[in-house]
Each structure stands twice: as C-alpha cells, then as structure tokens.
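Residues -22 to -1, 1 to 310 in mature numbering (1 follows the signal peptide of the UniProt record, and there is no 0) are what the sequence shown lists, from first letter to last. Ideal placement from N, C-alpha and C gives every residue a C-beta, glycine not left out. For clarity, every value in this text was computed on a predicted model and none was experimentally measured. The structure appears below as structure tokens.
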Amino acid sequence: MLHARRRFAGVVLLALALTAVAGCSNRVDAGTTAAPTAAPAARGGNHTLRVAVVTHGAPGDPFWAVVKNGAVQAGKDLHVRVGYQGSGVPQTQAQYIDAAVNQHVDGLVVSMANPDALKASIQRAVGQGIPVITINSGEAQSAAFGAITHVGQDESVAGEAAGARLASSGAHHVLCVVHEAGNIGLTQRCQGAAKGLHGKLDTLQVNINNLAQVQATIKAKLTADHSVDGVLALNPAVAMAAVAAESGTGSKAKIATFDLSGDVTSAIEQGRVLFAVDQQPYLQGYLPVQLIKLYHDNDNTLGGGKPVLTGPGFVTKDNAAKVAQLAKEGTR
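Next comes the structure, spelled out in structure tokens:
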C-alpha cells in the first residue's frame, strides 16, 4: 500500500509541475500512428494502459506534430501505450475512433473540429465504458457527448483577445483567413476577433491543402483593397503564406496568427508577424494522457465540469527567442 501511495503521489506531483515545465520529446510527423511504448504493468494487474489519440490534424501540420509529441512523451513518462492517428476528413476520424473502440482501448483522446460527424462514435466509446477526453475543438459539445473533461483554449475568448491586440496596434479592417471549412473552432476565433476588434472584420475562405493558392488568394485581396490593415491567420502555415502574399501589393497590413511554427517565431523576431496566439499544443497532447492515467488509477477528474485551459498566451518580439529554442525541441 505504501508503494502504491508513493506511486500515486508521483503522478499527481507530475500533474502539478506540468504547467511550469514541458518535457522534451522526439519530433514526429503528424498523421501516423506512434509505436506503443514498452511499459510495466499498471496498478492492480498485469494490464498496461492503452490510450488512442485521434485528431483532425492533417499529416505534416506542425501544430499537430507538437500535440503528438506531447502525447508520446506522456506515454513514455507514465508507462502508457499511446497510439496517434490524425485526419482532416471527419468521416475518417470517426472510423479511427470506431477502430480504437473495437480494440477496447483504455482511454480515448479526441479533437472535435466537426462534432456532429464524431458524435455517434464518441458516444459508442462512452457507452462501452471507455473514458473520453476531448481536446482543442468541440468544447461546447464535450460534456454532452459524455467526455470526462476538455483540454484546450476557449476559442471565442482567444479570438477576442487577438482582435483587441490587433486593434491596439492600430488595425481597423482585418481579414480573418479560415483554412478549414466546417471547423467550428475557426468560426469561433473569427467571431471573437470581430468582437475584440470593434472594427470591420471580413472572413476569407481558403484551402490549407493548397498553400500556393492560399498565398494567391490573400495577395489578390490585399492588392484589391488597401483598406485592409490587418490579417489574422488561424494557422501558422497560412500566416507565412500571408507574409509572402503581402510582398509587392503595396499593403502595410499587420499580420498576426494563431499557433506557432519555427517560421512564424522567426518572423515575429524579424517584425514580419506581429504576434502569435499560443494555446500550448504540447499540453493538449500530454495532459489528456496523464488525466486518463489518473482517472484509471485513482478515479481522479479535473476541471469540475469546466475545461482545462491551455491558452491563450501570446508570443511577441519580447519572448520569441526563448520560444524559438523550445520549438526546436518539438515542445512549442
């Protein structure tokens, strides 16, 4: 019993320390399944916990690579077998969830950019007694679908903060670039930004899978309308496309973005991007694995019915250099 108590205490202390210290991990590409980590038996038997992480991240997306890094590192630290799969196609994501349920995993971590498409699959998991934690998107539907908690940032609040920061920089007419049709979180970001801006905000729909076309579409808009004095990207790759698009247009629009990449952090240091909204994707991967471990071993839940917030924070010229170093390690 003493050994078990010490073990539980170590896990809980790790949870408390996590918000201050992010562990290192191996960089891996999003969209593939992580090899399960070898582990000793969980408490109460010879069974090693298995957690499936299923996100809407497209392969190669740097944001989701960091989420995956966090989940994989949590598996190593906590002796949990973690598998990761990601697809931007909701129907494929639902199939991944169904497959995990059929394999009788011990926990499921899901991002819900398109909640309606995943509802039946998630509720089936819950109905079979599999604890579900939602991350990143779908906070409003999380509890209704039966998830034990949600880990991420409130997109409306984050959008409002971004809009207010753009307004304080002098922007009055902002272009909010939406890169995934039907993604409820992106809609909430733009709506929040409009509220914080207290100016004019237009949305521009683009396709994240064709960055050359994204650049051309933004360039055409900036060329045609010089009243646009701000661009809010909702993805770091789109932000860099906006930076490239602005060249030669005569526009002096301030460019800001949600989420980080090495290129975005460098652009912030160079003054080409004003700021990035940081929702700490590493924590969105790490914390849910840890929470499922605590739920299984000690019947713990976190949040009290409210989401566990990982953002928003802001990366600006003041702290970009430090964040850039962490980004090289795959944790920011």
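Three-way DSSP call (helix, strand, coil) for residue i in this model
{"i": "residue 335", "result": "Examination of residue 335 is not possible in this model, given that the chain is present from -22 through 310 alone."}
{"i": "F253", "result": "coil"}
{"i": "G61", "result": "strand"}
{"i": "S89", "result": "strand"}
{"i": "K230", "result": "coil"}
{"i": "N185", "result": "coil"}
{"i": "L238", "result": "coil"}
{"i": "G53", "result": "helix"}
{"i": "V192", "result": "helix"}
{"i": "A98", "result": "helix"}
Residue closest to residue i, alpha-carbon to alpha-carbon, out of the options
{"i": "A222", "options": "G48, F236, V192, G208", "result": "V192"}
{"i": "I75", "options": "N276, V58, G137, V104", "result": "V104"}
{"i": "Q73", "options": "V60, V88, V44", "result": "V88"}
{"i": "N297", "options": "T70, D132, V255", "result": "V255"}
{"i": "D55", "options": "G283, G263, Q303", "result": "G263"}
{"i": "E247", "options": "Q303, Q257, V31", "result": "Q303"}
{"i": "H176", "options": "V301, A139, D241, V60", "result": "A139"}
{"i": "I186", "options": "T227, G53, L164, H82", "result": "L164"}
{"i": "R28", "options": "A43, A36, G61", "result": "G61"}
{"i": "T127", "options": "P290, G283, G289, T309", "result": "G283"}
{"i": "V209", "options": "K230, I111, T112", "result": "K230"}
{"i": "M218", "options": "S205, H274, R250", "result": "R250"}
Residue environment, residue i, which counts as buried when at least 16 other CB atoms sit within 10 Å
{"i": "V67", "result": "exposed"}
{"i": "S225", "result": "exposed"}
{"i": "K306", "result": "exposed"}
{"i": "G160", "result": "exposed"}
{"i": "S99", "result": "buried"}
{"i": "Q183", "result": "exposed"}
{"i": "K295", "result": "exposed"}
{"i": "K199", "result": "buried"}
{"i": "Q71", "result": "buried"}
{"i": "T279", "result": "exposed"}
{"i": "N188", "result": "exposed"}
Integer-rounded CB distance, given that residue j should sit under 8 Å from residue i
{"i": "L238", "j": "V293", "result": "6 Å"}
{"i": "A91", "j": "G64", "result": "11 Å between Cβ atoms; not a contact."}
### Query
Mind pulling the beta strand (DSSP E) runs of 3 or more residues that sit fully within the segment 129 to 183?
Counting only runs of 3 or more, we get 151 to 156, 178 to 183.
### Task
Any chance you could list the beta strand (DSSP E) runs of at least 3 consecutive residues sitting entirely within the segment 250 to 294, in chain order?
The beta strand (DSSP E) runs lying completely inside the segment 250 to 294 and spanning 3 residues or more are 254 to 256, 286 to 289, 291 to 293, given in chain order.
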